[in-house]
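What follows is a short report on a single structure.
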Amino acid sequence: MGSLFRSETMCLAQLFLQSGTAYECLSALGEKGLVQFRDLNQNISTFQRKFVGEVKRCEELERILVYLVQEINRADIPLPEGETSPPAPPLKQVLEMQEQLQKLEVELREVTKNKEKLRKNLLELIEYTHMLRVTQTFVKRNVEFEPTYEEFPSLESDSLLDYSCMQRLGAKLGFVSGLINQGKVEAFEKMLWRVCKGYTIVSYAELDESLEDPETGEVIKWYVFLISFWGEQIGHKVKKICDCYHCHVYPYPNTAEERREIQEGLNTRIQDLYTVLHKTEDYLRQVLCKAAESVYSRVIQVKKMKAIYHMLNMCSFDVTNKCLIAEVWCPEADLQDLRRALEEGSRESGATIPSFMNIIPTKETPPTRIRTNKFTEGFQNIVDAYGVGSYREVNPALFTIITFPFLFAVMFGDFGHGFVMFLFALLLVLNENHPRLNQSQEIMRMFFNGRYILLLMGLFSVYTGLIYNDCFSKSVNLFGSGWNVSAMYTSSHPPAERKKMVLWNDSVVRHNSILQLDPSVPGVFQGPYPLGIDPIWNLATNRLTFLNSFKMKMSVILGIIHMTFGVILGIFNHLHFRKKFNIYLVSIPELLFMLCIFGYLIFMIFYKWLVFSAETSRVAPSILIEFINMFLFPTSKTNGLYTGQEYVQRVLLVVTALSVPVLFLGKPLFLLWLHNGRSCFGVNRSGYTLIRKDSEEEVSLLGNQDVEEGNHQVEDGCREMACEEFNFGEILMTQVIHSIEYCLGCISNTASYLRLWALSLAHAQLSDVLWAMLMRVGLRVDTTYGVLLLLPVIALFAVLTIFILLIMEGLSAFLHAIRLHWVEFQNKFYVGAGTKFVPFSFSLLSSKFNNDDSVA
Amino acid sequence: MWMLSALPGRGPAHLQRPLLGPASHLGILRPAMTAHSFALPVIIFTTFWGLIGIAGPWFVPKGPNRGVIITMLVATAVCCYLFWLIAILAQLNPLFGPQLKNETIWYVRFLWE
């Protein structure tokens, strides 16, 4: 079997990296993704580690790059994403890159600030022009008649002006003009009226075009207003109210010439500003375009650099402080590659002393590493979602590749639906290199990751649909039905035989709405349909009676075989971990228990199918009752299935009853006997001498005494002797719990497999209902206007098929198939207590702009 | 083999009868529509899945995925063969027949036979 059967052997290696070459070596390792680093500085906080300064520098660079990307996106410049990812920058280039980026950032910020200021200025000038233009129409005077309006002389000394004073000063009006937001006009007017009580005249008009508000940047409608007031106090109040309502107030020209001058000046200024603004924007765009070319590779480079420094932070220094020591988990198959990567790194940095590695023996459980390709990855993920396998135990994913789609298909079994699912998955698979599919969001991504699973599920569903003879709830008659209706008529039989049988003729058929075919009449049943279920059952009203019996028996048969296979896989585990006693004391009693009870059930099912036929149908015993009677020993004996059934069943029960105590007590007693009786078998611990003297971690390593069954260097089964105490009570308790779980589980898990029947029944019925309610109604309508009705009916049928039958039922069957694997199959042999091997690899870093995850 | 003796015990004439036309079933001629043998499908399917499950693994090219492909072939063959076998054995000796509506009886009689 390939490496998918078991996880790979791992070893703990120590890398000695010279301080000059550490960065390059790690860069080479990251490109290849071979090893997983262990954190040697766990008790040091993040801020006290050696390379904190470098990490901060990387983060600063990342911040600048994020700002750059933001600006580029705002200017709508396309960002090219390269195909290949560039390697991490060598240390010499880092400083240069940092300077470049910082300069770029400063420049960008300055130019943007200037641009904003210019725009604001421009807006104000535009508003002023509008205001001048509009207020010109307010004041309707003859040209020669224009008096001059002066501002009031400031009479601050007299805070109170009475009306007599004003009359003496003559009718001198003051003006406040400006623009106000459309929404605030009414409130503004009301406030003015309340405060100034009629000493103001307000005229306003709406501006036709909407202008941009310089502060908020929104485009809103403005009103130009002109307030003429009389009196200085009123003037102050008006000005305060204008401030309060955030009006943009501009100086109002007194004479017509002044107005004209101001307008001309404004126009020239506006023209100038436009040109300057254009030039600034062009320059900005140029700078951003140039930056956009290299920003993608910069982002990747900085990410890689940061990851390398994170890993460097996990290494410790040796006594001389010149050499970095890293501890890595490495698969044994990759040791050569690891050596080569170290050499490459050393060579690139041009160091005189190369970095090297050294394997350390350890008692810790290594992480689990299973090599998968794009096809097997999906199935491995399904298994890992329940629990990552323990080190070197059998990996159920290898078998899940076929059994999972198969059990799904048993529950989904429909030829048409399966074919649609297969086509959908084929579409995904053929377009898997399309870039848009790689970056889609959550739900689509889940479908994409499971494309091979969907493909196999669809394929198997086509097969089971063929066997169930169910295609969009209709059956296909490929070989001709085995059931013959004409043979039930009296006219088909010679008169001699007619008297013994109940036969039909035309009047019988006309007067009875439902009639049942009798297989004991000769000629009615002519042999089983060669591929699947006979198509006549689709036309029958007692279809479910037949199908239920068939599907229930099928579910039980498939379930017991699946579970027995699980127990057998457990035998492989025991063989691998050199615990042969487990095979004799645990696996064999388990197998006997399962097979004597449920294997016998399967035998009874097959026996009844083969031996009992229509002639003997009256005396055919019910399997369920026979099975129950096997345990109950009833006084009234029913006719058994075969002669000698009693004795066979008694033998089987005795075997089962004997295997139960062996299962409960065998292993603990054996281990106790080993511990007491075989005391001096000379357990060699020579393999564990300490090699490293310098690091403190060795103490912590030895301190982890793992009682797990993961150590394959121990020859015999007395490993429990090597640990602190032999806890008989605990072992007994564990075994008793395991045995009870197993025995009760056998019964409940077998019943649990009946969900295969239940879901396939639900699917078939839903499919049938959809057809009856939609298509039959559509097809029954008369041909004259039936076509018009048929089109929307077919559309609705297709939509409901996809949503209800494919998606909902598909998800449901998927879920139940997963449950059957995780619980019923895997609890027969799978421990799943390991940790996953996560290598230090740059390909695991996200290469998108939006995600900024750090490799911790 | 005792399995073959469990075949439906009709007269000797029902096996391998040639197919007659749909209208020639009148009279007391035994209608010989589709007489299905049991042995033939068993042989065909056993050899088919046997080829895939037992002979197939020998032809898988050497490579890193050889083990996976062999396991897949064997598992597929076992699962599919078992499924088909259960389906055909369940129908081999039916204890009861389908219940049809009289319209269906009329339809089947005149269109299928």
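Residue numbers (our numbering), protein chains in the order written: chain R, 542 to 1397; chain C, 327 to 439. By construction, the Cβ of each residue, glycine as well, lies at the ideal position given by its N, Cα and C atoms.
Proximity below 7 Å, CB of residue i to CB of residue j
i         : j         : result
THR913/R  : TYR932/R  : no
LEU748/R  : PHE679/R  : no
HIS789/R  : GLU668/R  : yes
ILE1124/R : ILE1112/R : yes
ARG392/C  : SER1027/R : no
LEU969/R  : ARG992/R  : yes
ILE811/R  : LEU666/R  : yes
ALA569/R  : GLU885/R  : yes
TRP1024/R : LEU1072/R : no
Residue i (DSSP reduced to helix, strand or coil)
i         : result
THR741/R  : strand
THR909/R  : strand
ARG547/R  : strand
LEU1315/R : helix
GLN555/R  : strand
CYS1284/R : helix
CYS871/R  : strand
CYS856/R  : coil
ASN722/R  : strand
VAL368/C  : helix
ALA746/R  : strand
GLU687/R  : With a pLDDT of 43 at GLU687/R, under the threshold of 50, the predicted position of this residue should be treated as unreliable, though the coordinate-derived value follows. Three-state DSSP puts GLU687/R in coil, outside helix and strand.
TRP734/R  : helix
PHE592/R  : coil
PRO420/C  : coil
TRP763/R  : strand
GLN634/R  : helix
GLU622/R  : coil
TYR837/R  : helix
LEU437/C  : helix
HIS1304/R : helix
MET952/R  : helix
LEU1356/R : helix
LEU1231/R : The predicted position of LEU1231/R is uncertain, since its pLDDT is 40 and thus under 50; no value can be drawn from it.
CYS1012/R : strand
GLY1375/R : coil
LYS658/R  : helix
SER1128/R : helix
LEU1386/R : coil
LEU415/C  : helix
HIS362/C  : coil
TYR608/R  : helix
ALA1263/R : Its pLDDT being 47, under 50, ALA1263/R is placed unreliably by the model, and nothing is read from it.
Where residue i meets chain C, residues with beta-carbon distance less than 7 Å
i         : result
ALA1081/R : PRO424, GLN425 and LEU426
TRP1078/R : PRO424
Residue of the options minimising C-alpha distance to residue i
i         : options                            : result
ALA966/R  : LEU1000/R, PHE956/R and PHE940/R   : LEU1000/R
PHE940/R  : ALA416/C, ILE396/C and ILE431/C    : ILE396/C
GLY1064/R : LEU1044/R, GLN589/R and LEU1133/R  : LEU1044/R
VAL726/R  : LEU581/R, GLU1350/R and ALA746/R   : ALA746/R
GLU1271/R : TYR1326/R, LEU1212/R and ALA1303/R : LEU1212/R
TRP440/C  : GLY954/R, ALA1354/R and GLU934/R   : Any question about residue 440/C goes unanswered here, given that chain C covers just 327 to 439.
Residue-chain proximity (residue i, chain B), Cβ-Cβ < 7 Å
i         : result
VAL1026/R : Protein chains in the displayed structure are R and C, and chain B is not among them.
Chain-ordered chain R contacts of residue i [CB-CB under 9 Å]
i        : result
LEU418/C : GLY1068, PRO1069, TRP1150, LEU1151 and SER1154
Contacts that residue i makes with chain R (C-beta to C-beta distance below 8 Å)
i        : result
TRP375/C : Near TRP375/C there are no residues of chain R at all, since even the closest Cβ is about 11 Å away, more than 8 Å.
TRP410/C : ILE1008, LEU1072 and GLY1073
LEU421/C : PRO1060, PHE1153, SER1154, ALA1155, SER1158 and ALA1161
Interface partners of residue i on chain C, CB under 9 Å
i        : result
GLN589/R : In chain order: nothing, as chain C lies at least about 45 Å away.
Listed by chain order, chain R residues near residue i by CB distance under 7 Å
i        : result
PHE364/C : GLY1068 and PRO1069
Taking one C-beta from the stretch 1004-1022 of chain R and one from the stretch 1296-1311 of chain R each time, how about it: are there three or more such pairs within less than 8 Å? yes
With a threshold of 8 Å, are at least 3 pairs of Cβ atoms found where one atom belongs to the stretch 1199-1207 of chain R and the other to the stretch 1279-1294 of chain R? yes
Count the CB pairs spanning the stretch 852-866 of chain R and the stretch 589-598 of chain R that are closer than 8 Å, and state whether there are at least three. yes
Taking 8 Å as the cut-off, does the stretch 1134-1149 of chain R touch the stretch 1183-1194 of chain R (at least 3 CB pairs, one atom from each stretch)? yes
For the pair the stretch 1094-1109 of chain R and the stretch 1318-1331 of chain R, tell me if three or more CB-CB distances fall below 8 Å. no
Count the C-beta pairs between the stretch 830-844 of chain R and the stretch 550-565 of chain R that are closer than 8 Å, then say yes if the count reaches three, no if not. no
Counting pairs of beta carbons, one from the stretch 765-781 of chain R and one from the stretch 716-735 of chain R, are three or more of them closer than 8 Å? yes
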